[in-house]
Amino acid sequence: MRCLVFLVLLAVLTSTASAYVISDIDVWIGEDGFSWIEEKIVFRGDGESGRLQLPALLDDISVSDSRGDLDYNLSEVEGRSEVKIYFREYLEEGDETTVSLKYGTHHLTKKEESVWSFRYQTPATARKTIVRVTYPVGAQILTLKPEDLLRTYVRNGVWLYPQEDYFNLSTTYRYGGVKPDLTTTTTTLAKENGGGLILDAEAIILVGVVIIVLVVLGALFTIYKDRLMGKGNGSMTVNVAEDVVSDAKVVDGKVTYDIEGSTSDKGDKTVKESVLKMLEDSELAIVKLLENSEEEEITQAYIYKTTGIPKSSLSDILKRLEKRNIIERRVSGRVKWIKLKDWIID
């Protein structure tokens, strides 16, 4: 009998893919406090199903992959919801599948007069998950905890970067339900004896002078930049501290970098320490290379030649850094340019 019970438990456990990575969580908070949440989960491993914890008391839920809806079971476990997702095909060892999980609820928000509170707890994947929270249009964010949570503020929202495998967000915001006035208004500071008309004329002249100066400065900057970067031959010289990449070594087939003590007085950019701590070795080498560069942008080819990171791996690393809003990429002709995002610079 004991042997039979053991075999049943073993079958249940081995049929469930326990390994997963949560790549994205998008949260939309409605004007009435109703919240819609969408999670992107990559399940890996051997099994026919996967499990994930969710907030309790969900009003609506849907589960799908790239080919359509998936079957699932929803249950309540110790005050939280748990969803069991049945994959379209059995996952062999080393296989993976991406699942989209969407659900809505009224139970994450509370309101006192014009101040709303929102609290959300969910599993996450440390240094991999990006949580994008969108507030109602015109809302004013009052508090956001934990206070040390790495974040980027965007229009009507904030992007968060969990550093642990469990994400806990508590935020308050003020929203009175009044939509913002999107029309353009003009305020005239009037003086006595018709002085308001004189002030408007002076303001127009001042704006015109500023525009002319900016156009001239822009033209001079373009000419200087073209000469500096060697327009026509696509060449560019970047001075980088040698000790950023001088200690590159191969361990178990992977390139690692020792950047301790790397200093340079050639660049005028300093990346936030909190950002550096969340980077892997190869990501750190690229960010330090950009940080110590005299130029705002450097080419992907230069990064490849300097760091020695294989081209296929380098492309994936740059995509990952761009997705986490740490770098910005652009293409000019056949040249790929890379630069740091402004928010990570002290």
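Per my numbering, the sequence shown starts with residue 2, numbered consecutively.
We put the CB at the ideal spot given by N, CA and C, even for glycine.
Keep in mind it's a predicted model, so treat the numbers as computed, not measured.
Beta carbon of I327 nearer than 8 Å to that of K340
Along the sequence shown, one-based indexing puts residue 327 at 326. Along the sequence shown, one-based indexing puts residue 340 at 339. No, the Cβ-Cβ distance between I327 and K340 is not below 8 Å.
ask   = Span of the beta strand (DSSP E) holding K320?
value = Numbered from its first residue, the sequence shown carries residue 320 at position 319. Note, K320: premise wrong, no beta strand (DSSP E); alpha helix (DSSP H) at 312-324.
What are the start and end residues of the beta strand (DSSP E) that includes K270? Taking the sequence shown and counting its residues from 1, the one referred to as residue 270 is at position 269. K270 -> no beta strand (DSSP E), and no H or E assigned at all.
Nearest-angstrom Cβ-Cβ length linking R120 and L170, presumed shorter than 8 Å:
Taking the first residue of the sequence shown as position 1, residue 120 is located at position 119. Taking the first residue of the sequence shown as position 1, residue 170 is located at position 169. R120 to L170, Cβ: 7 Å. Contact.
**Request:** Report the rounded CA-to-CA distance for R52 versus G334, giving the unit in angstroms.
**Result:** The residue you call residue 52 lines up with position 51 of the sequence shown. The residue you call residue 334 lines up with position 333 of the sequence shown. Each residue's alpha carbon lies about 46 Å from the other.
> What is the DSSP secondary structure of A220, reduced to helix, strand or coil?
Replying inline: Sequence index remark: in the sequence shown, residue 220 carries index 219 (1-based). Three-state DSSP puts A220 in a helix.
Between V332 and the rest of its own chain, which residues show a CB-CB distance below 8 Å, the 5 nearest in sequence each way excluded?
Here residue 332 corresponds to residue number 331 of the sequence shown, with the count starting at 1. Only W338 meet the Cβ criterion.
Can you give the Cα-Cα distance for E295 and W160, rounded to whole angstroms? Position 294 of the sequence shown, counted from the start, is the residue given in the question as residue 295. Position 159 of the sequence shown, counted from the start, is the residue given in the question as residue 160. Their backbone Cα atoms lie some 29 Å apart in a straight line.
Expected contact under 8 Å - CB spacing of Y154 and W117 to nearest Å: For this step, residue 154 is matched to residue 153 along the sequence shown. For this step, residue 117 is matched to residue 116 along the sequence shown. That belief does not hold up - the Cβ atoms of Y154 and W117 are roughly 18 Å apart, past 8 Å.
Notebook entry, point to check: Which whole-angstrom value is the C-beta distance of T123 and I30, which I expect to be below 8 Å?
Noted result: Residue mapping note: residue 123 aligns to position 122 of the sequence shown, counting from 1. Residue mapping note: residue 30 aligns to position 29 of the sequence shown, counting from 1. Not a contact, Cβ separation roughly 15 Å.
Check your understanding: In whole angstroms, what separates the C-alpha of Y73 from that of K85?
Key -> Here residue 73 corresponds to residue number 72 of the sequence shown, with the count starting at 1. Here residue 85 corresponds to residue number 84 of the sequence shown, with the count starting at 1. If I take the Cα positions, the gap works out to 5 Å.
- Item | alpha helix (DSSP H) segment containing Q122, residue limits | Translated into the one-based positions of the sequence shown, residue 122 becomes position 121. Boundaries for Q122: no alpha helix (DSSP H) harbours it, while the beta strand (DSSP E) harbouring it runs 116-124, taken from the DSSP string.
Q.
On the criterion of 16 or more Cβ atoms from any shown chain inside 10 Å, does I212 qualify as buried, or is it exposed?
A. Translated into the one-based positions of the sequence shown, residue 212 becomes position 211. Classification for I212: exposed.
Between the C-alpha atoms of L319 and S115, what's the straight-line distance to the nearest angstrom?
Position 318 of the sequence shown, counted from the first residue, corresponds to residue 319. Position 114 of the sequence shown, counted from the first residue, corresponds to residue 115. If I take the Cα positions, the gap works out to 43 Å.
- Could you check if T271 is buried or exposed, using at least 16 other CB atoms within 10 Å of its CB as the buried criterion? Stepping through the sequence shown from its first residue, residue 271 is reached at position 270. Per the 10 Å Cβ criterion, exposed.
Item checked: Three CB pairs or more closer than 8 Å across the segment 28-46 and the segment 90-100 -> yes
Notebook entry, point to check: When you compare each of T99, A302, W37, A127 to R89 by their alpha carbons, which one comes out closest?
Noted result: Within the sequence shown, residue 89 is the residue found at index 88, counting from 1. Residue T99 is the option with its Cα nearest to R89.
Review point. Nearest to D66 by CA position, among E39, K111, S76, E165, is which residue?
Key: Counting from one through the sequence shown, the residue named residue 66 turns up at place 65. Ranking the options by Cα distance to D66, first place goes to E39.
What is the DSSP secondary structure of K103, reduced to helix, strand or coil? As a first step, residue 103 is located in the sequence shown; it is residue number 102 there, counting from the start. K103: strand per DSSP, three-state reduction.
inquiry  = Quick check on this structure: which residue in T130, S314, F35 has the alpha carbon closest to the alpha carbon of L109?
reply    = Here residue 109 refers to the residue found at position 108 when the sequence shown is read from its first residue. Considering only alpha carbons, the answer is F35.
* Determine the closest residue to E79 out of V64, G69, I345, L58, with distance taken between C-alpha atoms. => The count along the sequence shown starts at 1 and reaches residue 79 at position 78. Comparing Cα-Cα distances from E79 to each of V64, G69, I345, L58, the minimum goes to L58.
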